[in-house]
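> Below is a structure I'd like to ask you about.
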Amino acid sequence: MTLPRPVSTAALRAALRLGGAVQTLPPRPAAVVRRASALRLTADERTAEARIDALRAALAGSADTVEVVDYGAGTRGGERPPARAVADVYRRAATGPAWGRFLFGLARALRPARVLELGTNLGVGSAHLAAALALNEAEPPERGGVAGRLVTLEGAPALAARAERALADLGHADRARVVVGPFADTLADVARAERWDLVFIDGHHEAAAALDYVRTLAPHLAPGALVVLDDVEPGRPVRRAWRALRAGRVAALRGAAAFYAGRYGLLFAAPPAGL
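In my numbering, the protein residues as written are 721 to 995.
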C-alpha cells in the first residue's frame, strides 16, 4: 500500500484558493471557509498548535504497540484485535498537520458550542478541535466567546484510552469526552443528546456508512451547522456519499451550502429563514 505524502501548509493553502468556489457560498459559510483556508495563526494559536506538534512527534517516535479494532474492515467478534505499532497507526491514519490546522481554523471561525467527531483514532484531530474550543472559550463575550465541548467516538478501546490521555495531557479533560464502541452502537444515543454545530466524520470510510451516519445526525444538527466528511477525493469510497449529499439525497440537508476542500467535503446546513 502506498500512502499519500503529507500535504504542506503552503501547498494546502494554494490548493484551497484554487479548488473551491468560496464566492458561491452564502456570507457566513464563506467567511468560515476563508478564515480556515488562510491557515494563519495568532500567537495564542501558534502556542496551542505547537503543543499538538509535540504530541505528533511523540506518536511518530513511539515504540509502543496498540490493539486496533477495525469495524469497517470487519474484525470478527471474539478475535483478539491485531497489535499495531503506534507510529504506524499515526502515519497511516492520524489527521495530518496541514489538514489539522484547517480543521482547527474551521472550529475557530464557526465558534461551535457542540462538536462531534466520528473516529478519534489517536486523538490528533480531536486535539485540534479541542484546542480551537479552548481558545474560543477564552475570548470575551463581545468577541463571541463560547464554552464549546467535544464528543468523539472511537471503536477501538486501546486507541480511545490513548486519545483520552493525550487530550487530558493537553488540558482538555473537561472539554472533550471519548465514547468507546462501534458507531452502530453509540452514534444514535450520542446524536440525540445535543444539537450539533460541527460534525467531523473521519471513521469507517465507506460510502453507505457515511450516508447512514449523516442521516442519523441530520435531525440533530443545529441551524447552520457544518458537517465535514473526510476522504472525499476522486476515487475514494466516501466520494460517492459526498456526491449524494450534494445532490440533496438526505432530505434534512437539502439546500446545504457545499464546499469541496480537496480531502474534506464541507456541508453547511441551511440557517433559519432571515439569517
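Backbone N, C-alpha and C define an ideal beta-carbon position, used for all residues, glycine too.
What you are looking at is a predicted structure, and each value in this text was computed from that prediction instead of being measured.
Could you check the C-alpha separation between residue 977 and residue 960 for me, to the nearest Å?
C-alpha separation (whole angstroms): 17 Å.
> Could you tell me whether the region 886 to 902 touches the region 815 to 827, using the rule of 3 or more Cβ pairs below 8 Å?
Touching, no, given that fewer than three Cβ pairs across the two stretches are closer than 8 Å.
> Give me the Cβ distance between residue 780 and residue 826, rounded to the nearest whole Å; I'm assuming they're in contact under 8 Å.
Between residue 826 and residue 780 the Cβ distance is about 24 Å, and since that is not below 8 Å, they are no contact.
> Measuring alpha carbon to alpha carbon, tell me which of 974, 748, 837 and 924 ends up nearest residue 911.
That would be 837, whose Cα lies nearest to the Cα of residue 911.
> In the DSSP assignment, find the beta strand (DSSP E) that holds residue 980 and state where it starts and stops.
Segment 977 to 980, the beta strand (DSSP E) holding residue 980.
> Evaluate residue 874 with the Cβ neighbour count: other Cβ atoms within 10 Å of its Cβ, from every protein chain shown; 16 or more gives buried, anything less gives exposed.
Its Cβ being crowded by 16 or more others within 10 Å, residue 874 is buried.
> In whole angstroms, give me the CA-to-CA distance for residue 934 and residue 970.
Distance between the alpha carbons of residue 934 and residue 970 is about 8 Å.
> Among 766, 986, 748 and 968, which residue has its Cα nearest to the Cα of residue 852?
Of the candidates 766, 986, 748 and 968, the one whose C-alpha sits nearest the C-alpha of residue 852 is 766.
> What do you get for residue 858, buried or exposed, if any count of 16 or more other CB atoms within 10 angstroms of its CB means buried?
Looking at its Cβ environment, which holds fewer than 16 other Cβ atoms inside 10 Å, residue 858 is exposed.
> Is the beta carbon of residue 939 closer than 9 Å to that of residue 989?
Cβ distance not < 9 Å, so residue 989 and residue 939 don't count as in contact.
> In terms of DSSP beta bridges, what is residue 875 paired with?
BP columns for residue 875 are empty, so no partner.
> With DSSP collapsed to three states, give me the class of residue 944.
It is a strand residue.
> For a test of the three-state rule: what should DSSP assign to residue 931, helix, strand or coil?
Note: residue 931 maps to helix in three-state DSSP.
> Suppose you measure from the CA of residue 844 to the CA of residue 893; what does that come to, to the nearest Å?
The alpha-carbon atoms of residue 844 and residue 893 are separated by roughly 14 Å.
> Would you tell me roughly how many angstroms separate the C-alpha atoms of residue 762 and residue 788, rounded to the nearest one?
So the two alpha carbons sit approximately 36 Å from each other.
> At a cut of 8 Å, does the region 972 to 986 reach the region 744 to 752 through at least three beta carbon pairs?
In short, these stretches touch, since the Cβ pair count reaches three.
> Within 10 Å of its beta-carbon, does residue 955 have 16 or more other beta-carbons around it, so buried, or fewer, so exposed?
Per the 10 Å Cβ criterion, exposed.
> Identify whether residue 846 lies in helix, strand or coil by the three-state DSSP scheme.
Residue state, collapsed to three classes: helix.
> For residue 952, I'd like the list of residues in its chain whose CB is within less than 6 Å of its CB, leaving aside the five on either flank, ordered along the chain.
Closer than 6 Å at the Cβ level, and outside the excluded window around residue 952, lie 958, 959, 962 and 985.
> Mind pulling the beta strand (DSSP E) runs of 3 or more residues that sit fully within the region 892 to 938?
As far as the region 892 to 938 is concerned, its whole beta strand (DSSP E) runs of at least 3 residues are 896 to 900 and 916 to 921.
> Whose C-beta lies closer than 7 Å to the C-beta of residue 884 among residues of the same chain, with five residues either side of it excluded?
Closer than 7 Å at Cβ, skipping near neighbours: 898.
> Which of helix, strand or coil does DSSP assign to residue 960?
Reduced to three states, the DSSP call for residue 960 is helix.
> If you count every other CB in all the chains shown that lies within 10 Å of the CB of residue 760, and 16 or more means buried, which is it?
With fewer than 16 Cβ atoms within 10 Å of its Cβ, residue 760 is classed as exposed.
> By Cβ distance, which residues of its chain are closer than 6 Å to residue 849, with the 5 residues on each side in sequence left out?
Here the set comprises 827, 835 and 870.
> Report the residue from 754, 758 and 806 whose alpha carbon sits nearest the alpha carbon of residue 775.
Ranking 754, 758 and 806 by Cα distance to residue 775 puts 806 first.
> As a quick exercise: from 817, 750 and 803, pick the residue whose alpha carbon is nearest that of residue 728.
If we check each option's Cα against that of residue 728, 817 comes out closest.
> For residue 919, collect the residues of the same chain with a Cβ closer than 8 Å to its Cβ; drop the 5 residues on either side in sequence, then sort them by chain order.
For residue 919, where only same-chain residues beyond five positions count, the Cβ hits under 8 Å are 835, 836, 837, 838, 937, 941, 945, 946, 947 and 948.
> Please classify residue 923 as buried or exposed, where buried requires at least 16 neighbouring CB atoms within 10 angstroms.
Under this definition residue 923 is a buried residue.
> Less than 8 Å between C-beta atoms, sequence neighbours within five positions excluded: which residues of the same chain meet that for residue 785?
The residues are 803, 804, 805 and 806.
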